[in-house]
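Colleague: Start counting at 1 in the sequence shown, then tack on 79, and there's your number in the numbering used here.
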Amino acid sequence: MIEYIKGELTELTPALATIEAAGVGYGLNISLNTFSSIQGKKEVKLYVYEAIREDAHVLFGFVNKKEREMFLLLITVSGVGANTARMMLSGMSVAELCNAISTGNAKLIQGIKGIGKMTAQRIIVDLRDKIVTLGISDEIPAGGQIAAPVNNQVKDEAIAALTMLGFAPAPTQKVVLQILQSQPNAPVEEVVKLALKQIK
């Protein structure tokens with residue numbers, strides 16, 4: 080079993096990182112969260128999950144153990160495969176996903192491409208207790224910094240407004256949180272205006 084790979088980051092796309100270690104180039108499937116964390120770095124260390132299939136050995140790389148633990152939990156849920164789990168970790172950070180699971184926010188989880196109502200509910204039911212037991216629920220953001228507290232009323236109103244405008248809840252929450260962490264005193268209108276420029 081490969082625990083982690085540490086070496087030179089030779090190629091990087093939002094979905095794949097190639098790390099050269101001891102003369103071997105390892106291609107690792109990554110989430111957008113891991114991509115953001117390692118972008119611009121020359122030397123990286125990624126924790127590994129190896130999916131052994133009949134037709135291929137596929138490596139998944141994670142910026143920290145918490146992200147890998149969350150991935151491993153997600154793929155235990157019926158209907159959630161490795162690629163769906165990676166999509167979920169691209170749409171939300173581990174902390175955001177834990178928050179959605181622990182509060183039973185199925186709508187937020189459904190905002191991720193490929194996740195239907197039944198799968199979202201199954202994820203919540205299956206993983207709510209497990210994330211607490213494993214200590215994943217006290218996850219800090221991927222960059223390693225503790226997020227500054229945000230004004231929840233402004234956050235909720237901004238997300239509600241953007242959702243009414245037709246944006247998916249998961250990416251919307253992510254953008255709104257980032258704006259409020261950098262501008263804690265921004266009013267709802269300002270947050271919505273800034274978010275409209277950032278949401279893809």
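Glycine included, C-beta positions come from ideal geometry on N, C-alpha and C.
The model shown is predicted, which means the values in this text are computed figures rather than measured ones.
Between the Cα of Gln118 and the Cα atoms of Leu91, Glu133, Val137, which residue gives the shortest distance?
Modeller: Leu91
Colleague: How would you label Leu259, buried or exposed, when you count the other beta carbons within 10 angstroms and need 16 or more for buried?
Modeller: buried
Colleague: Please go through the same chain and pick out, in chain order, the residues whose beta-carbon is closer than 7 Å to the beta-carbon of Ala199, but skip the five residues on each side of it.
Modeller: Ala185, Ile188, Gln189
Colleague: Could you tell me the alpha carbon to alpha carbon distance between Asn264 and Tyr105, rounded to whole angstroms?
Modeller: 44 Å
Colleague: Do Ile202 and Leu287 count as a contact pair if the criterion is CB distance below 9 Å?
Modeller: Here the chain has residues from 80 to 279 only, and residue 287 is not among them.
Colleague: Less than 9 Å between CB atoms is the rule here; does Leu153 satisfy it with respect to chain D?
Modeller: Of the protein chains in the structure, only one exists, and it is not chain D.
Colleague: Terminal residues of the continuous alpha helix (DSSP H) containing Lys144?
Modeller: Element bounds for Lys144: 144 to 153.
Colleague: Is the beta carbon of Val142 closer than 9 Å to that of Leu125?
Modeller: yes
Colleague: Only counting the same chain, and skipping five residues up and downstream in sequence, which positions put a Cβ closer than 7 Å to that of Gly193?
Modeller: Thr163, Met166
Colleague: To which residues of the same chain is Leu151 closer than 8 Å at the C-beta, ignoring the five residues directly before and after it?
Modeller: Tyr128
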